[in-house]
Structure formats: C-alpha cells, structure tokens
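Read through the structure below, which is laid out as structure tokens, and then see the notes.
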Amino acid sequence: MDQHLISWIVFLPMIAGLVLLFVPRELVKWVALFGSGLAFVLSLLLFKTFWGGDAAGVFGDAYGALHHVERASWITGNKFNIEYFVGIDGLSFPLFVLTTFVSLLACLASFNFDSWKINKGIKAYFFLFLLLETGMLGVFVSLDFFLFYVFWEVMLLPMYFLIGVWGGERREYAAIKFFIFTLAGSVLMLVGLVAMFFYSADAVAKYPEMATSYHTGAPVTTGTFDLIELSTNDAIQKYFGEASTTLLNVRFAPLMFMFLFIGFAIKLPCVPVHTWLPDAHVQAPTPISMILAGVLLKMGGYGFLRLCYGIFPVGGEFWAGFLAVIAVISILYGALCAMAQTDFKKLVAYSSVSHMGYVLLGICVMTTTGFQGAMFQMIAHGISSPMCFFLVGVIYDRAHHREINRFGGLWLSMPRYGSMATLGFFASLGLPGLCGFVGEAYVLLGTFQAGPKFDWAYTAAICAAFGVVLTAGYILWVIQRVYLGSVREEYKSFPEANGREMLILAPLGALCILLGVLPKQTVFDFMNGTLNLLINQIDSVTQVAMAAAGG
Amino acid sequence: MGTYETLLCVGVVAPLAMFAVLAFFGHRIGKPLSGWVAVFGVFISLGCATYVLAGWLSATDKAALMATTGYDWVVLNLFGNEMPIQFKVKLDGLTVMMYFMVTLVSTCIFVFSIGYMAGHSDEVDGQCKFHRFFCYLSLFEFSMLGLLISSSIFFLFIFWELVGLCSYLLIGFYFDKKFASNAAMKAFITNRVGDFGFLLGLMLVFVFLQTFDLDQAATNFRQQYATQSGIFAADIDILGWHISGMGLATLMGIGLFCGAMGKSAQFPLHVWLPDAMAGPTPVSALIHAATMVAAGVYLVARVFRLLTPDAQFFIAVIGCITLTITALIAIVQIDIKKVLAYSTLSQLGYMIFGMGVGAWPAALFHLITHAFFKAMMFLGSGQVIEGCHHVQDMRRMGGLRKRMPVTCWTFFIGVLAIAGVGIPGAHIGLGGYFSKDEVLAVAYERTYNWEDRFGGHEKDDGHGAEALHSAAPANDDNVLRSGKVILASGGGHDEAAAHGASGGHHDDPVLAGIAAKQHKIPKWMFWLPIIIAYVTPFYMMRCWWMTFMGKPRDEEVYHHAHESPLMWAPLIVLAAGTFLSSYMMFRPQLGEAAVHATPAPLVVSVDGEVPGSAQEELLGLSHDKAKDPHAALIGIVGFAWLAGMGLAWLIYRNGLELAERIRRLPFIRFIHWCLMEKLFFDHIYDTVLVGGTKWVLAQVSRAVDTYIIDGIANLLGRGTVRIAEFSGNIMDTGGVDGLVDAIAESTQGVGEMVRQPQTGKIRNYVLFGTTGAVLVLAAIIAVVMS
Amino acid sequence: MFEIGLTHYLVVATLLFVMGIFVMITKRNAIGILIGVEMVLNGANINLVAFNRYNGMSNIDGQITSLFVIVLAAAEAALAVAICMNFYKNLNTVDVDHGDTLAG
Amino acid sequence: MTELIAEIPAWFPKAAEFMTFSPELAWVGTLCLIMLAPLAIGRDARMIAGLAVVGIAVTAFFTLKVMGIISTEGPKTGLTPDLAGGMLIADNLSLFFKMLLLVFLVGISILWMSVSAAQEDDAPEFFVLLIGSALGMSLMVSTHNILMMVIAIEFASLPSYAIVGFNKHKRISAEASLKYMIFGAVSAAVMLYGASLIYGFFGTLDVTQIAANVGPVLAGGGANQLLVGLAMFCVFVGIAFKISAVPFHFWCPDAFQGAKTEVTAWLSVASKAAGLLLLMRLVNVFCVNAGAEVLHGVAVVIAVIATLTCTLGNLAAYKQTSIKRMLAYSSIAHAGYMMAAAAILVDAGTVESFTAISTVLAYVVVYMLMNLGAFGVVALVESKNGDDDSITAFAGLGWTSPALAIPMLFCLVSLVGIPPFAGFITKWYLLAALGEAASGLYWALAIVIVINTLISLWYYMRVVVQMFLKESDKPAIEVPMSGTLLVNACGILLIVILVFSNPLKERADRYSAGLFSPVPTKLADQGSADSLAQSIPLDNIAAPQEGKHGG
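Spelled out as structure tokens, the structure:
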C-alpha cells in the first residue's frame, strides 16, 4: 500500500467510477463521494513524508529528489524505454493535494444533480467525473513524458462530455472549442515528445562522459523520456542548449520550448489563446467549472515549470520578453474583459485569465521569487476561483440566470452566503491577509528583481501592479451590483445557503484565510526546496549556454 | 519578546478575538450586548496601551526597550540571498503615542456607537445589523493597531489594506442605499490607486534597499548614499522613461507617499473622503477623522528617512494644495458632517505639509491633537444628527444649545482647538494652537531664514539630485546627511531655542551642509497656510453657531433634539483629552520619538529634552529677535482665531440673512458656485476617469464580443453568416472563434475545393487522375533532375 | 526500302497508349472506355514482344508476359461487361456520365 | 515409381514448394469448395458461411505451419522458372499479412452474418468473391516480381469490382462498381504499359535485378532517366490505385459509399494494406539494391504523395453528410499516414527498413480493429434505419443504445489518434519512426501528420456529437448479439492494446524482419550494367543488331 500510495490515489477514483456503473442509481453519488473522498484522505497521508523534518529540507536535497516513486517499464518498442514512472516532489505535491481536495468539493457540489436542468445519465456523469480526476492526478505525478502526455490527453474526453452533455445552452460549442484548443496545443507537444527522445539519445552519444544519470549514477546510454533525467542530465542539457543543435534548421531549445509552450499556454490560458476559457467555464456545470478553474488551468503552469523551464531553460531565456508581453496583456486585458461582462460566471472566468497572467509573468522572469509567486498564485487561485464559481452556482441554482445587473441586495436575503461571497471575492481581489495577495506580491517582487537580467522587467512589474487597481475595480463593482443595494422582490424569498453549500464554502473560505496568514507553513515550505534547486539548475544551464554563445 | 511588545500584541489581538466572536455568534449575542463585547475588546487594548505608555514614559533607557526579536513570516529570495519578511513589534515613542491615542479615542467612540447604533442599525433591513457593525469596528481596531506596531513596510502595507477594507465595509454599512455603496467603492478604489504607487515604492525598496525593515532600510539608504551604490547607482528604464540615481530615490519616496495620498485623502485623491460621510457617524469619527486617515501621515513619518529633498518638497506642495482648497470648500458647506469632513481634509493637509517642510514632531503633534478634537466634534455632530432625526442640514438647526448643552460646549471646545485658540507670546492655549503654530513656524523658517542661515555657501545647489551628487560626501559625518532636516520650533521656549541657535550650531558646517540641501520653500507655500489659518476659525465658528446658537430655525427639529448619556459621556472624555493633548502631554514624547524615528544627528531637540547623545546635533530655529519665526508668527497669525471667529460671529449672529446677501454679491456668487461644486473635482474625475474607463470598457467589450463571436471572420464579412449558422453544427461552432474561426473557414473552403474534382463523372476521374499523374511525374523529374 | 525496327513498334505502342488514354477520357459509353483500356493493354503487349525480340533476350519472358496480359484482359473484359449490364439494368443506359449520383 | 518421379519435369514444383505455398493452395481449395457447395448443401447463408469459416481455419492452420517452417529455415521462394527473385515469396511479412487477412475475414463474415445474411440469397457468390479478393491481396504481399504483382493486383481487384456492386438492385451500387471497375482497369492498363517499358529497359521484371541495374541508367541522365522514371511511375500508379493515394483516390469514396457496409469495411482496410505492404516491399528491395543515389528522389515523391493524400482525405471529409463517405475519406487520410512510413523505408541508409514496415504492420492491425468496429456499428445502425447512412441517423444513439455508441466512440476517437486508445499508440510509433529517421523531410512529415490529426478531430467529433449531445426520440435499436459483441470486442481491444502495446509491437518487429531479399545479380548475357546502359538509349534502339555486334 505505502509504496504504491501514489498509484492508489491516482487510480482509486477510476476504480470507484467503474464500481458505480454497477450500483443502483441512488447510490451512485455516494460511491463517487467515497471514491474522491478516499483519494483525498490518502493524499493527506502523503504529509507523513514530512513528519520529523521540515518539508523544504525533505524536498530540498536535489532537484528530482522524489518521494513515493514507482517505476516500471511500460513500452519498449522502437528501443523506447517508456516507463510507468510516478512520484512527487515539491513542484507536484501541493498541486496534487489541491487536486484531490477540489475534486472532493466538486463531487459534493454535484450532489444536487437531480435538480439540474439536464439530469440524465447520472452514472455517466459521475463516471466521467472520476475518470477526469484520475487524469488530472496522473498529470501531476507522472514523471515520464510519455505517461504525462497520455494522462494529459485522457482528460480531454471526459471534460468534453461533461461540458457538452451537462452544460448550458451553448454547451456543444463550448465543449468542442475546449477540445479543439487543447488538442491543438498538444499535437505539437507530441512532436516535441518524439524529438526529445531522439535528441537526448544523440546528446548522450555526443557527451558520454557527462551523461551520468541522476538516479542510477551510471551514464545514460539511450534516449529517455524521464523528465527529471532530461532536465538534470548534463549531457542532455548541454546538447539541448547548444546553438548548433537544430531541428528543421531552427535552434532546438527555442523551438522545442515553443512546441511545449503552446500547449501549456492554451491550458493556462493566456491571451490570445484564452478564448476557449470563458465559453468552457460559463457553459460547464458548476462543479466542472470548479474543476476547470481550480485544477485544469494549473496544469499549464505546472507544465511550464516542469517541462518548458525544467528542460529548455535556454528557450525560456530566449522567449522571456515575448512571454512577459503576453503575461502583462493577459493581466490587463483579462481584467478589462472581466469588467466589461454582464454575465456573472463569465466575469469570474475572465478574472481567471487575469490571475493566470500573474503566473506566467512570475515564471517567465526566471527568478526564484517569481517561481514561488507563480506556484503560490496557482494554489491560491485553485482555492479562490472554485469558491467564486461555486458562489455563482449557488445563486444560479436559485435564480436560474447569471445577469449581474438583474441581481442586487443578495446580502440582505442571504446574509451567511453574502459573507462567504465577500470573503471569496476579496480573496480573489488579492486582499492582504487572504490567499490572493501573497502570490501577486511575490510575482511583482520577483519580476521587479529581474531587472538586472531583463531591462523590461521594471516596466512589466509596474504594468502588472496596475492590474491590482483594475482587479479591485471589477470585483468591487460586481459585489456592489449583486450583493449590495436594496434587495429585489424576486430575491427576497431566496433560501439561505443550505448545509451542503456551507460544507463546500466553509473549507474553501478557511483556506483562503489560512493561506493568506500562514503562506510559509501551508505552501512555501513544501515547494521552496524544489523550486530553489530548479532555479539554480536553470541558472547554471543558461550560464553555460551563454558562455558557449559568448565564447 | 519583552513585556511591552507582548502587551502591544495582546492589545492588537483582543479586538480580533472579539471580531471572531461577533462574526460567528454575533447574531445570537444580540443587540446591546454585542456592542459591549466589542467595547470589552478595545478596552483591553486601552489597558495595554496605558500600561505601555506609563512604562515608556518612566523608562530611562528607552533604546533598551526597542524590540529586537521578530518572526519570519515568509522568506523571500533576492538575487539568490534569503531575505525574510519579519513580523516585528515596532516599539518606540511614536508607536506608543499613536497606540495610546487610537485606543483611547476608539474606546470612546465604541461606547458612543452603542448608543448611536441602537437607533440606526435596524434600518438596514428586517434583521438587526447591530452586531455586524461592531464586528467591523473590532476588525478595524485590530488592523489599525497592527499597522501601528508593525516595523516592516510590508506588514505596514498589509494592515494598510485591511484598514482600507474595514473602511470599505463601514462606509458601505447602509449598503442598501446606493450612495452608500457607491461611496464605499469610491473610497476603496481611490485608495487602490494610491496603493499602486505604494506597491511601486515597495518594489523599489525591496530591490534596492534589500530589506523591508524600516530601520534597516534607512541604514541601507544612507549607506548606499555614502558609497553612491545601490539605488543611487541604479539606472533603470520604466515605461520607456529613463531614470536613475537620486531621481530613482525620489521616485521611491513619492511612490511610498502615494499610499499616504490615498489614505490621508490628499489632493488629487481627496475626493473619496467627503463621500465617505455616507457611513454611520461614529465611523466618520473614528476612521475618517481620528485614526485611519491619519495613518497616511503616520506612514510618511515612518518612511521619513527614505525621503529625498525632492520627495519632501513634493509632499509639502501636495499638502499645501490640499489644505487650501479643502478649507475653501468647507466654507460653503451646509451639511454639518461635510463641514467636518472638509475641515479634516484641511487639517490633514496641514500635517502632510508639516511633514514636507520637515516639521516632523510638529506634524505628528498636530495629528494627535486633531484626532481628539475632531473625533469629539464628529461625535457631537452624530449626537446632533441622532437627536434631530437624521437632519444634517445646518440651515434647519440652530439654537440647539438649550436642547443638548453638553454636545454644544464640547463641540465649542473642539472649535476653539481647531481654530488654534491661544494667547500668543504667553504659552497658553489648546493643542491645536501649539501644533499649528509649530508647523507654520518651521514653514516660516524654511521660507525666510533659510538662505541667510545656510544658503551662504550653497547658493546654487539647493536642488536635490545635483546637490547630493555634487556634494557626494566622503566622510561618514556627511554621509549621514542625505539631505534630511527635521525642524521643530521651540514653541517659544526662547532660551532653549536660543541655545539651539546661538549654541554654535548656527554656523555648524555639518548642519549647514545638510540644511542647504533642503529646498527653500517658496513664499506662496508659506502664505497659503497662513491664509487658511484665518479661514479655519471662520468656517468652524460658522458651523458651530449655525448649529447651536441663534434661534431655532426649524421647530420640529428643535423639539426632537435630545441627547443621551451613553453618547455624551464619551464627549466629556474626549474634551478632556483635547485639553490634555495640549503641549504638555504629547509634544515632548514626540520630540524624543523623532530621535529614534529619524537620523539621530539631524533631530532638532526641543526644550533640551533630548538625550545628551544628540545634544550637539540640534538644529533650532533662528532666534535673534529679527528672525524668530514665533515672534513673526505672533504678528502674522497670532490672533487669526479671533479674526476668523469674530467674522463668522458677525455674519451669522442673527441667522442666515446676512450670509445670503453676501452670497448674492456678483463676484462672490461665482466663487460660491465653484466652491459648492467642490471645485469640480468630482465632475472632472467622472468625465475623465469614470467616463474614460467606461469608454475603454465599451471598446473592450465590443472587442471581446467581436473576438468571441466572429473575430477575424467578421473582417471577412462573415460575421452575420456565422451567427445565423450558429446551430450547434460542429463545423461552424468549432471554428467560431477569432483566428481559429478563420482557420476553420479556410479549412472548410479548402475542403470544399478539394471536393470539387469529385464530380461523380468517371471520365473526369480518369482525366484528373491522369493529369495529376503527369503533374506528380513532372514534380519527380524536377526533384530528381535537381 | 527501310527496315522495320524497334522504334516503329515502340511508336505504334505509344500511339496505342495515348489513344487509349484519350479514348478513356473522352468516351461516354462504358464499352468505349473498355475498348480504350484494351488499346492500352495491347500497346503494352506490343512493347513486351518487341523488346523481347529486339533486345535479344535469351528467354521469352516478354512473350509469356504478354500472354498473361491477354488472359488478364479477357477476364477483366468479361467482368466489365457484366458490370456494364448491371449498370444498364439500373440506369437504362451505358452512358457513364449518367452515373454521377455518388459525388462530392 | 522412382522413375516416374524422375520423369517429373524440372519446372514442376517440388513437394517442399507445395508445402511452402500450401496456404494459397488451401485458399484456392476453399474457393472451389464454396463455389461447388450449393450443389451439395444448398444456398443457405449459414451453411455457406460455416463452410467459409472452416476453409479459413484450414488456411490459417497451414499458414501457421509455414510460419513454423520459415522461422527455422528462413524465408523461402519458389515457383520460379529461372530468375533469382522468385515469383512468389513466403516470408514473415507475407505470412503475417495472410493471418491478418484471415482474421479479418472472420470478422467480416460475422458482420455479414449479423447484418445482411437474412435478406441475402447469394451467400456462395459473396463468399467466393470475398475470399477470392483476399487471396489476391495475400498474393500481392508475397511477391516482388512485377508480372506477378500485376496478376495479383488484378486478382485482388476483379472480385472487388464485383463485390462492390453486389446488391444488384441498388442504383448507386451498380454505379459504384462501374466506376471502381473502370478506374481500376485504367490504372491496371497504365501499370502494365509501364511494366512493359521496364521490361524493355532491363530485360527482366524482377525488382531485385532491376534495382541492380538501375543505377547506371539513372546516372546516365537525360532521356533514359526520364523514360525509366516514367515507366516506374506507371507501375507505381497501379499500386497507388490500390492504396487510393492522391491523385488516384477518386474511385474510393464512390465505391465505398455504394458498396455494402461490410464490403466497405473489408476494402477500406484489406486492399489498402495489401497495396501499402506491396509498395513497401518493392521499394525496400529496390532501394536496398539500387544504392543511395536514387533514394532521395523516391523518398521525396512518396513523402509528397503521402502529404497530399492525408491532407486531402481529411479536408474532403469535412462536410460529408454520409458517414460511409466520411469514413471513406478518413481511410484515404490513414492511407496517407501509412505512406509516410513508406517514405522512411526508402531511406534504407539511415534506418533498419523493418522499423518502418513494423510501424505499418502495427498500424494496420489497429486500423483493422478501428475500421471493423466503426463500419460494424454503421452497418448495424443503417441496417435498422432502412439503409440511411447519413450522420444524423446517429442522433441520440448514445442514450438509446449505448452498446453500439460506446464502441463507435472508441473507434472514432482512436481514429483521431488520442489516448487512451490504440490509434494513438500506432500514430506514436509512426511519429517515432519518422523521428528516428532524423532528417528534415521526416520531421516535416511528422508535423504534417499531427496537424492532420487536429483537422481530422473535427469531422470525427461530428458523429460523437450526434450520438451523445443530440437528443432523439428514436427507440433503442436491437441488433443481433453477434454484431454487438464484435464491435464491442473491437472497442475494448483498442484500449487493451494501448495499455499493453508491447506484444503487438514485438510481433510487428518480428514479422517485418527477415524480408526475403535475394542478392542482386547482373544480367550475365547482357554484359555489364554500363554496356547495358549504352545498349538501351533511344538513339540506337533503332539498330539493335549493331548493338548486338557492338556487344
């Protein structure tokens, strides 16, 4: 059990999904709850890793100091050594736990399934839901690129159906849009996958003396899909970074970086490939929006750190300016779009674009603080945005519309709910003391300190800082229009948030505060170790590359 | 942590605990009781504050009391070095003073609120919001005290935002009223604009001073100036604007000050404060008069050591402008709370102005005195409003002194205090008199005596950056003089001040060097405050007289008027505070706090109460009879209070008719109109900012729509087709999206195209097949041949 | 009196080929198209035999191959005619242009 | 007796040769049996089908036996009068393909039984034609002599023409078969003409020897090069017709739409696969013996045609309303993907050729499953919908009869090539093979393929949308258990193969290795290759005697 803990957590939801196909209809949701709940509990067991030692230290001994590792050879054709290789480190651990947590709450949020407008196929719904959870968990823990890719794509189909079958009026459109965008991102990743394998083979052949493996200690002799190997093996890094390494006559690192980046940028998402997000979020049923915003977007950021920057730091250096522009545009444009919305859910969706812009900004400046900020921002957003989406869902269940301007005074008719709403939205506004703030502050500071490296960094930081004003603008405005003001007749009778809803909101709200007050103990301690090592390695590689370029 | 720090922390946490209690059980605790819960919390804070204050005053070696240990909240990484953000209790004179003042004032206001809200809290809706009000108040108390005790700029910022939040919640307490929620939003967003600058300042501090700790930052700042390294060597591009060295340092200072501009409602961000009066009156008293708005001044005081001469000058200008325009607007207000609001703005302007000209202790002194009498007056107005059933129009009041004597006379004390009543020459007067006098005295010194005293050998480089660069000093003495001078008038204690001046320091080259780097204050910046010193007594007297004296103008109002003990008891306390807060009590502490809060050698001691160590560094005002600012001021404004109040009395003693006639005078009418329109700031902002944003949003939303709905397809003129075809058909929907749409379109187009050959006629198939074959063959030959 | 050489055969074969292709493209009658096919096939046959003869191969592969081709052509023709019949049965014509229901 | 045996002329096959080609003999036997069967056992569909299955089983038995033999004794050739190459070959590739065809035949028979058997009274003819074409296809893969190739292609084609027009009373069916027949006849004729020219140039039709002597001729440049190129291209046309490669694909959609669905399924996989493997074998033998100088040209040609084929196939499938026609185009696209592998093959210098062949083998296996499943569902559905093969006929299928819709979903998504279905793993092998070839051409091909994947998603998903996202009031379709089992088996196998893909890949590798490739021998009686090259040029073709005197 213990040495297979990760696998259990990853596949448990799927098993539960298979089970619920054979239970009577009324038991289905309980089986689902049990599945995702058990996954969450088991993921809490992972904290055992840190008993009697500070987490940063536990993760900090070497980049790729992994825990709960499982490796087994999987596909060996074509001289491949594709492995079933999972494990956690500081990068994946927080996101992994976040995923199980958000999924559990989303599962709980699906409990009023029967009262939905479209409530056919409850078994199908929960099965796909749990399949989706397995896919997401797999992405975060798989350390073999091929495995990563498989999990990455496994999520597509369930999400497609969850949006397309149980979504809003324009669900087909939103669903296929999501599908096509994501696939468009991942097809080039597939080419990158192939290229990396054969180029790493060339690399170890070219610099056999440097090709010492990080976990066997013996020299690597073949190409590899091992993400950690790809990013830590000196030979591979040297060869990938060299200007002489080209593919289709383009320098290898930047090209590969782009191949991977496109996929992750679409998932993140950042302008201009964000347009799938508002539709998907708005059309998806509430629990799925929670999953989308809470977890799926994070895969983009995770992919940046683990693959783009882990394996092609030189590419990161190459594209930094471009990415910063995109990031800043995402922040400001997303905020402005949010301000322009009249659909409550769409507003929250656009706020995600804006917030994820901070993630990209923090990453692309390649400073430790920036990375930490980006990671924290992802976690924080993973807490606050599901909360916001659920808050929207709650009133949608009651009012059956999402027109901001038709609401008003809800705080009066639903005081308890109103307070939670204020908490949630102020958390996403980035109010100090709540989770949204720390990430943004880190990203800004991290960006600003990149000035010596990139001369545009100061400007970028300031433009991003201006985002906080816009954010305050649209959040306060929506709070005023929906929750404040005199209560309208038709909403007077709204029932207060019921027990189930509070059961979902309360933990999220509590975490909003906890993460804001104790960021170190709740998040940073678990990832700083890995992030520092990652950034060190990135620096060393880029310096080598620059030296080579200079010499 | 030492006892004092612990106590301060307890004092901070107590209201938070009460907040939690009220948040979770408030609705059960019920109406009067929840108020007392909150009072209990703040009372604990007051207890701690008093104990600490007593201990502090009695302590001999105060430096020993200063906090040393801190708690690493997070550990940042800066250029590879670990840089913790520490939570550390800032324990020094300033904190202690402010802490005490805040807890005292707020205790009074909490008690007052119980009485006040009993009548007001139910009107929100069916259910009682009573507990919610005290919930917010407690949260505010926590944030405010936290702000005072945090020694790191970062934590300052955090609590800074939290008080902003509380003010948002409390202004919008009657959020079912549109104007209330509007005002709340206006307040928060305006503050955010200021905080944007604050953030910029923070980033500069972080990257260039490499610490958030106030003292450490100041040390690094001077160090960097000494070696011309760090920020002084920096050279960066911001928004395509090249800026470097001293200019950058100035930018940092101004950035930090922007935060203060937001919170202390300085021009041009002053517009939110008058609207903030939409909140319950106790809130106006506590947050928007006594404490939160003063936080801006407190911030400037804290970061004073990071301000370059240019930055200081900027601050002085802003303060000067603010105090002038707002005082003028106050003249014509007819809503009693609005008058007080504008007078608050004006007084804040005085404080900021004082900071700008270097009157560090004086400005803070004014802050504290003002806190007391302004809170008192607000509560008084609250009493009036409560008594008169929410009538705020002074034209309908009058003669209320009979109905509410306590309110009347406490209010009058406030008027005297703010008017700066005192007997010039003989040092008798209310706090307002001394504090304002000191600020003006320093301004005078900087205006008239400066060049004679220091300009001698530094005529031409009174200008910040160049000055400091050219005079980039080598020896450590001069290093410390990165161009900051704190002046404190001796408040007329001639011999001490004379000691300051004649004690050889007049021509002390070191002090002269620093002082000379300060800007000479232009004359208008001295005379505007002077004029306002005449205006202030006028409009305050007008306000008081219109409200309490004369004959009742509205019988109905008059008959309702009454006052309740729960509400006038605090007034008494505050009135006492107003007296005590006069010269004797706070001023010396502040003078001494200056020692720790500023580069020690530059502090100008007052009355020789500074530890001997700093003695030889004193910089006093000039005191030869010809130049003595105090002497000069006696003539200039000594009896301003008399003039102003007298004039008001003359105009308003029998009702409003005379005032009306004056108003109708041709030129006055125009001025009056302008002032009634608040000098059009709101209009300008509405049209420019709000309108501008609306325009941008319109553009964006249109952009968004077109982007989402048909994007480039629209450019292709297909937009309408798209929407028409919008029937869930994958091919259309799948493509309906900007570039993707274009791709889909073209792909379909190509799809159509490649299907054209498939005519169904076998002969064509053969033909095409053959042709294709020939083409491919040609291609092969081309390839193989080449 | 010039001697008939390989070239002439090749030219004839080529002519047959081209004409055959031309017929296939232009004829609307199914049978006509089949005749075109036959012409091409026979062009091939001529080539095979001629090459075998003039390039002085030791074996007779060419001839044998051409025999195979003839057989194939026969079988093909038989089947083709049957299919044409079926076509005619369904469409009452052997004009191939009428068979354009399947298109796009 | 012994002398009798001595009397046996030299050309008469030896017993061992009979053994080697016993599968073909068994196959022919089966054909004759089924043809004669009606005389004995009547025309009952079940009986005939049973008989066919028995015959298939016997054939399979012999095939396995021969596999055993050659696994010990190596690939064999035979039935060869004189030339080294051999008319027929029994090696791993051909035998594996035989087995594949046999299995596929069984599948098709089951499908036919469950769909058309009821209203069909021409069972014997159907099976004769079916198995006849199967035999032709298996012969295609077991030769590299152009004459034999021509015969085999015709052998495969003629029954196909007939079977396409099998339901005689349908107009489109007749039309389809006519078109198919004419197009086939034309291309066969062209191919034969090309063959005749090649014979003229090289005096032989054996690819090995052609390859051995082609170098100098091409090196000679000018008219010879042109003519040889023309001739070879003419031969290529014949194969391209079977593969339905652009621009020889025109017959494909029409024929597939007009034919019975199970026939379409059969042709879409079997004939294309046969054509491809034939092409690869020829090109392999040719290039390995012809040396590097001709490789690049051939590679480019095939690559270009492959690109055209898959792109055109996907684009044209866009707006189809008939699902059969859509799948026909999709089959064109997939043929294009597989041809890309053929392009690798010719780069014999850089890759072991069998990587490419094994890629295609694996692809064919999975492709067979996908198409069998997809067309199977189509057949079952349209048999209940009165031959309505429009996509909209699938509306709501997912909710009325999931037992059909879900395998359909699996097959379609697998056709797109997305995890977790086997279509992905085969596409992955293809990309990997391209990547291994490591040259710009193949990277470009890889990118073309992934982009085509993206394009193809759109039209496959149209069906999915109809099945799951659309409502319909149609009652559930009840279909024979056998058909349902068949399609579900295909669907499940697709997942199983993704998870355990090693066995597939290992077999593909094993059976693609050890091709029969004889040592090239120059034509002794023609003198050296260059003298041959001189003897052929057009200018002195006119006077062969002189040439002979010269020689």
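Residue numbers (our numbering), protein chains in the order written: chain A, 1053 to 1603; chain B, 49 to 834; chain C, 2 to 105; chain D, 832 to 1382.
Just so you know, even glycine gets a beta-carbon here, dropped at the ideal spot from N, CA and C.
As computed with DSSP, A:Glu1455 is found in a beta bridge with A:Asp1395. Within the segment 814-827 of chain B, Val814, Phe816, Gly817, Thr818, Thr819, Gly820, Ala821, Leu823, Val824, Leu825 and Ala827 place their CB atoms closer than 9 Å to a CB of chain D, listed in sequence order. In the structure shown, A:Tyr1535 falls within a coil segment according to DSSP collapsed to helix, strand and coil.
Taking the beta carbon of A:Val1246 as reference, the chain D residues within 7 Å of it are Leu1262, Ala1263, Gly1266 and Ala1277, listed in sequence order.
Between the segment 1057-1067 of chain D and the segment 84-96 of chain C, the count of C-beta pairs closer than 8 Å stays below three; the two stretches do not touch.
Put simply, the backbone Cα of A:Gly1362 is about 17 Å away from that of A:Ala1263. Contact check for A:Gly1414 against A:Ala1426 passes: the beta carbons are separated by less than 8 Å. Residues of chain B whose Cβ lies closer than 7 Å to the Cβ of C:Ala104 are, in chain order, Gln806, Thr807 and Gly808. Under the Cβ distance rule, D:Asn1145 does not count among the residues neighbouring chain A, no pair being separated by less than 8 Å.
For B:Asn230, there is no enclosing beta strand (DSSP E); the residue is part of the alpha helix (DSSP H) that begins and ends at Lys226 to Leu252. The C-alpha of A:Phe1192 is placed about 22 Å away from the C-alpha of A:Lys1572. B:Phe236 is positioned such that its CB atom lies no closer than 8 Å to that of B:Ala228. For B:Gln134, the uninterrupted beta strand (DSSP E) segment begins and ends at Asn129 to Phe135. Considering only beta carbons, the part of the segment 1201-1231 of chain A lying closer than 9 Å to chain D consists of Tyr1201, Val1202, Phe1203, Trp1204, Glu1205, Val1206, Leu1208, Leu1209, Tyr1212, Phe1213, Gly1216, Val1217, Arg1223, Glu1224, Ala1227, Ile1228 and Phe1231, in chain order. Taking a beta-carbon distance threshold of 8 Å, A:Thr1128 counts as an interface residue toward chain D.
Cβ-Cβ distances below 8 Å link D:Trp858 to Gly886, Thr890, Ile962, Ala965, Leu966 and Ser969 in the same chain, with the five nearest sequence neighbours on each side left out; the list follows chain order.
If you ignore the 5 residues before and after B:Gly242, its C-beta comes within less than 7 Å of the C-beta of Cys306, Gly307, Met309, Gly310, Lys311 and Leu317, all in its own chain and listed in chain order. The continuous alpha helix (DSSP H) containing D:Tyr992 extends over residues Ile977 to Val995. For A:Ser1465, the enclosing alpha helix (DSSP H) has its first and last residue at Leu1462 to Ser1465. With a threshold of 8 Å between beta carbons, C:Ile34 makes contact with chain D.
Comparing alpha-carbon positions, the option among D:Ala1166, D:Gly1266, D:Met1111 and D:Pro1084 lying closest to C:Thr102 turns out to be D:Pro1084.
Among the residues of chain B, none has a CB under 8 Å from the CB of C:Ile84; the nearest is roughly 12 Å distant.
Any Cβ of chain D closer than 8 Å to the Cβ of B:Glu53 would place that residue at the interface, and such an atom is absent. Judged by DSSP secondary structure, A:Gly1219 falls outside any beta strand (DSSP E); it is assigned neither H nor E. Listed along chain D is no residue with a C-beta nearer than 8 Å to that of B:Thr298; the closest approach is about 54 Å.
Using a Cβ-Cβ distance cut-off of 8 Å, the segment 1275-1284 of chain A and the segment 1130-1144 of chain A are in contact, since at least three pairs of beta carbons, one from each stretch, lie closer than that value. Setting aside the 5 residues that flank it on each side, A:Asp1395 is surrounded in the same chain by Val1334, Arg1454, Glu1455 and Ile1456, each with a C-beta closer than 8 Å to its C-beta; the list follows chain order.
Taking 8 Å as the threshold, the shortest C-beta distance from D:Trp1082 to chain B falls below it.
Chain-ordered listing is empty here: chain B has no CB closer than 7 Å to the CB of A:Ile1565, the nearest sitting near 11 Å.
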